[in-house]
Structure formats: structure tokens, C-alpha cells
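Engineer:
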Amino acid sequence: MTAGDVRRFTGRQRAALYLAGGGACTRCGAALTPGWHGDHQLAFTAGGATDVVNGLALCPGCNTALGAHDVTGAAITGLRDWQRTALAEYETTHPVDFLAVATPGAGKTRFAATVVHRLLAAGEISRVIVVVPTQRLKTQWADAVAGYGIALEPEWANSEGALPPGFHGVVVTYAQVAALPDLFRRHTSAAPAMVVLDEIHHCGEERNWGDAIRHAFIPARRRLALSGTPFRTDNNQIPFVSYVDGVGTPDHTYDYGQAVTDGVCRPVFFPRRGGRMEWATTGGQIIRATFDDVVDQKLRNQRLNTALSLTGDWIASVLDDAHTELTELRATDPTAGGLVLAKDVEHARGIADLLRRRHGVAPVLAVSDEPGSNAAIEHFAAGDAPWIVSVRMVSEGVDVPRLRIAVFATNTITELFFRQAVGRVVRVRDGGEDETASFYIPDDARLRQFAETIRQQREHVIGADPIDAVEPPAALGSRDGAPSAGAFQPIAAEAIDAGVIAHGTVVTPVELAHAAALKARTPETAALPTVAVALLLRAHDAGRPSATAPATGQPSVPAQEPAFRRRARLRQANNTAARRLAYRLGMEFAEVNRRLNAAIGVRGIKDASLEQLERRLSAAQAWGEAGSADDVPGAR
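Residue numbers (UniProt numbering): 1 to 636.
1) What separation, rounded to the nearest whole angstrom, lies between the Cα atoms of GLY624 and GLY312?
2) Evaluate ASP198 with the Cβ neighbour count: other Cβ atoms within 10 Å of its Cβ, from every protein chain shown; 16 or more gives buried, anything less gives exposed.
3) Pick out whichever of ALA590, THR332, GLY337 and ARG273 has its Cα sitting closest to the Cα of VAL389.
4) In the DSSP assignment, find the beta strand (DSSP E) that holds TRP285 and state where it starts and stops.
5) What does the alpha-carbon distance come out to for the pair ALA106 and ASP444?
6) Taking Cβ positions, are PRO181 and SER126 nearer each other than 9 Å?
7) Output the distance between the C-alpha atoms of ARG7 and THR50, rounded to the nearest integer angstrom.
8) Rounded to a whole number of angstroms, what is the C-alpha to C-alpha distance between residue 637 and ARG136?
9) Within the same chain, show all residues whose beta-carbon is closer than 6 Å to that of GLY73, passing over the 5 residues directly before and after it, in chain order.
10) Take every Cβ of the region 93 to 106, pair it with every Cβ of the region 250 to 259, and state whether three or more of those distances are shorter than 8 Å.
11) Under the rule that 16 or more other beta-carbon atoms within 10 Å means buried, what is LEU329, buried or exposed?
12) Quick one: using the 10 Å Cβ neighbour count with 16 as the cut-off for buried, is LEU610 buried or exposed?
13) For ASN597, which residues in the same chain have their Cβ closer than 7 Å to its Cβ, ignoring the five residues on either side in sequence?
14) Assuming GLY423 and GLY228 make a contact with CB atoms under 8 Å, what is their CB distance in whole Å?
15) What is the rounded straight-line gap between the Cα of VAL318 and the Cα of ARG565?
16) Quick one, which of ALA608, GLY21 and PRO219 has its alpha-carbon nearest VAL52's?
17) What three-state label does DSSP hand TRP156 in the structure shown?
18) Which residues in the same chain have their Cβ closer than 6 Å to the Cβ of LEU403, if we skip the five residues on either side of it in sequence?
19) Grab the span of the alpha helix (DSSP H) containing TRP387 for me, first residue to last.
20) Measuring straight from C-alpha to C-alpha, what distance separates ASP434 and MET393?
21) Look at the Cβ atom of THR173, then the Cβ atom of ALA220, and state whether they are nearer than 9 Å.
22) Which class does HIS379 belong to by DSSP, given the choice of helix, strand or coil?
23) Does the CB of MET393 have a neighbour CB from chain C at under 9 Å?
24) Give a yes or no on whether the C-beta atoms belonging to ALA409 and HIS323 are separated by under 9 Å.
25) Excluding the five sequence neighbours on either side, which residues of its own chain have a C-beta within less than 6 Å of the C-beta of VAL128, listed in chain order?
26) Compare the C-alpha of GLN176 against each of SER618, ALA190, ALA142 and ALA212 and name the closest.
Structure follows, in C-alpha cells:
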């Protein structure tokens, strides 16, 4: 009779297992007492031999716990086509290491859960360690796999030492592993373990993370790496990943273009917002530029930061447009939500205040130094609040399927970060196969290129630096409102509609206006996004003879600007002019406005008629030409 025919360990084998483990439970490390259990690493029913090389010395609690969470009854069904294909590839090759790259929202977690479930059910593994980049994702992972019968503890800490009884394993962060890699090396060697490395590209950004996971997880029986985007790591190659010419080579790839075609992800439209920006450089030079002007790297970054500044009109205008679209969506989709990605904590709070003052909404604020931020994200995901404002906490991995609008108001400019951010609005909900999403972007050439190529599978550089921060906050201006000498200083910024990027092509503002007019008079199109109507009109017109003139043959008459639009334009122009004057004359913005209002005989700009707004703007221009802080020229 061979070891393969006998299920129970002999007394001699049990003694060897006891001595090899130092008299401690292989799973939890507790001292073994009489009645301890000898068990198989690879289950006997799965062909595991009753041999000391396949043996475990376990306390009764841990051995019972292994059976308490049997996953064999929690069958996983309803896999998407790409998940079934990837699973077939995995089970055909039986790899120690496998890298799956699938676009955000495609279902990487479900694929990983299926692999883990099958290996646990087959008895090939008995321990699972999932590693994620952020604290927030620990709970999300544990919740996601619990429905498949996989019990993971997201609150486990390194200081506990032993893994928790009654669980298949734990979810930890890369930082946890880097803090104590030998602890994880012990846990992955003490029992047949599978390690899931989520968003593994982060290990190319933090070299100590890569070194730590190599040391900690070499003993693991299986390692499954996941990423939302292809990546390259020219300097710090990531452990357990194969490379060709510096590019991580996935074992299975599923990109955004495929996902949209398959109906797995929503199509995303990219409303572009250009602008006219004015700022003072660190050398005191006054620069005026649009996003179309060619400037060097430093000025390009300052131009973007000027647009994003809370003191200008650009960010307020873009938030207005995004809120209007979100309000329209919520008429038919009451839980639709919007996300604003801000530069930093102070910027996020300012944006939340803008939304509160201009639109009467109370945005959820999710920033790292706010207590309860993770709970706030969870409540937002499960609720129906319209807006959430964040810096980076909602940029990667966080699953909030009801998000359908996003505003990119950050100065972090890397393609990897951009794609991960877009991933927050692509997730398709049950019954939402026809949903679309909008992702508002500054019309910066770098972001424009990212948006135009979003459907293409690309190689990404990990660890590329974000654009330079403008200046430390203390250098942005003195407390009396006048600029500090040598400081970068945003002066004014106004937004200009630059069209929408849709499916890699640009829909112009004229096309959008035509589509909006059609929607207004055609109830059948009212529920469609304006950009979708514009694309339908373009496709329809492409099949007709050229019609540059109206069908009647009469000359076209330029449409008169509606009074409300003229008023809004003049008020914005007045605001911009006042900010320029405040900077040039070293005066408080409020004082400039007070004098201009006095010049036309109104208490506030909201009380001004169209004619008075025109006169106020002329007075501001004359005051600027005079170049003096004295009384406003032409005051009545």
C-alpha cells in the first residue's frame, strides 16, 4: 500500500510534522496540545499524498475552520466572454504566475475570485492573500469575494502575527507587505497559498514594494497579478511579470475598445473646455494664453493650474456645465452621480464649496485627511447624493457604478492616472447597457491626446512624474490680496467650449448646438445625450449631398444672441476684467468691484442691466489703460 492509498498519517509521520513545526500550529502559530490534527496541504480527495511533504500540523480550531468555509457549494456562474476565455487559458496552462490586464470596469475581481474559488475547491490551495494598493480597496475586495464563499479578513494587521482562524486568508496593502515581508514569506510557505496582486503596476512606482513582494511571495504555490492597463517599467521591473523590451507582457489582455464593443463598459464622451488664461510667472512676467497656444513645459503647467484656480471663472463654468448635464441625467436616472477629481485637499474643499453655493448641493468630500473618508465613499456608492469630490481616493479601483459624470480638475498628467480616472465612470450596471458617461477635461493637448486614444491598447510608462506643482501655497499671494514678489499668480481664467471627443473623433460646438436644438423640439431624442444626437446627425448628413446653404436658397441670418446668454457673457467678462485690475493695481478684488459698481450706479453686478454691464466693462478697460489706483475713469 502506498502513501497515495492511505488517508490518515501514521504516528511516526505525526511526530515528524510536530517537530518540523516546532510544536506550533502551522496555520495560526498557537502551541499544539494533545488532540492536534494532522491534515493534507493538497487535499486527499484532490490526489494529495499522505506524506510529511504534504502534511500540516494544525490545532483543532484551524482544521475545523478550513472545512467551515468550504467553497465547493458556492458555484460562480454568469462569467463574461473574456473571463471565460482567460479562465480557460489559466486552467490549461496551470501557471505559477499569471498576469491579467483588463480595462477598469471589466470585472477583474470576478475573474480572480473564480480562479481562487476553483483552486480552493480542488484543494490545491488552502490560504489566500490579496494585496491591494490602498486601504479603501481592502474592504471592497473582501465584500466582493464573500458572495463566492471566499472569506477574507480586510482588517487584519501585521501586529497580529497569526492569520485569523475561520478565514481563507486576508486582504492587505503593498505597504503592509513592505513593512514586514518576512512575516508574509512565512505565511505563504506554511501552507499552500495563492497570492493575488491587484494593480501590480504600482510596484514599478515604489521599488521597495517590488523588492518586498519578491521576498515575501516566492514560496507561494500560485500568484495571480492584475492590472487595469498595460504598463512598462524601464527601471524597476516588477517581480513575477514577464517582460519584452521593458513592457510587461500579459498572459491575457482585455482592453477598453473591446469592452465597449461587447457592452461590458459604457462609451465615454469627453467634453473639452478650452479657455483664455492670464497669470504672472515666478519672474513677474504677465502671460496670456489659450490652450491652443504653443508654450514650453513650465508655462504649460502654469496655464493648466491657472485654469483650475478657484479664483478664476474657468472651473466654475465647467462645474456649471457638468452639473447641468448631471441634472438632466437624473431626470431619468435618479441615482446618477458625478465625481470631481481635485488637485489637493484645499482645492477639493473649494470645489465642494462652489457646488454648494452655485447649485445648492452638498457634495460628499473624500480626502485623505478627512475622518471617515472611506465610510463617506461607501455611503456615496450606496446612496443617491449627486456629487463626490476627491483628490485621489476615488481615482483607482474604487467601484461606484452609478458615477456617470466626471470632471478632471487635477494637475496630475500621466496617461496611466488618466485612464484609471476614466475607469471610474465606465462600469455598466444591470439594465444599464445603453448608458453613456461624460468626462470633462481641460483642453490641454496632453489630455486631449489621452482622450482621443482611450480606445486603443497602449503601453504606459509607470512612475512618470506628474506636472510640476506651481508653487508652495504660501507663495501664491500675500494676505492683502497683492501678489508676492516672484510668486506664480493666477490672474484670470475663462472657459470656452471646445467640443466633445467621442469615439476618437471631435464633435464641434456648432454640431452640439444643432443637436441641442433638435432635442428641444423632438421628444423622441430628449433622452439621448446631446453628443449622441450630434453623431447621428453627422452620420445622416454624410449620406446626403452637400448642403452648405439652407434648402430654401435664402441667405442664412445669423442667430441673435439670447439676452440671458449675453448677460452671462458680460458678467463673466466683467469678473475677468476686475480680477486683472486687482492684480495689476495691487488692490483687493472686492474694492475693484465696489468702484466699478459705483461707476455705473448699481449696488451689485447682479443689479446691472445689459447696457450697464457694457458700460462697466468699458470703465474697467479704461481704468486698466490709465494704470492708476485712483478713481475709475469715466465714473458718473
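Every residue gets a Cβ at the ideal spot worked out from N, C-alpha and C, and that includes glycine.
Structural biologist: Quick look at the numbers:
1) In a straight line, the C-alpha of GLY624 is about 18 Å away from that of GLY312.
2) buried
3) GLY337
4) Per the sequence shown, the amino acid found at residue 285 is Gln instead of Trp. From DSSP, GLN285 is part of no beta strand (DSSP E); its letter is neither H nor E.
5) 28 Å
6) no
7) 6 Å
8) In the structure as shown, the chain starts at 1 and stops at 636, and residue 637 therefore has no counterpart that could be examined.
9) For GLY73, the predicted structure reports a pLDDT of 46, less than 50, and the residue's modelled location is therefore unreliable. The matter cannot be settled from this model.
10) yes
11) buried
12) exposed
13) ARG603, GLY604 and ILE605
14) 6 Å
15) 16 Å
16) Closest by alpha carbon: GLY21.
17) In the structure shown, TRP156 sits in coil (DSSP, three-state: anything other than H, G, I, E or B).
18) GLY337, LEU339, ARG424 and VAL425
19) No alpha helix (DSSP H) contains TRP387, which is instead part of the beta strand (DSSP E) from 387 to 390.
20) ASP434 and MET393 have their C-alpha atoms some 28 Å from each other.
21) no
22) In the structure shown, the three-state DSSP call for HIS379 is helix.
23) In summary, chain C is missing from the structure at hand, where a single protein chain is found.
24) no
25) VAL116, HIS168, GLY169 and MET194
26) ALA212
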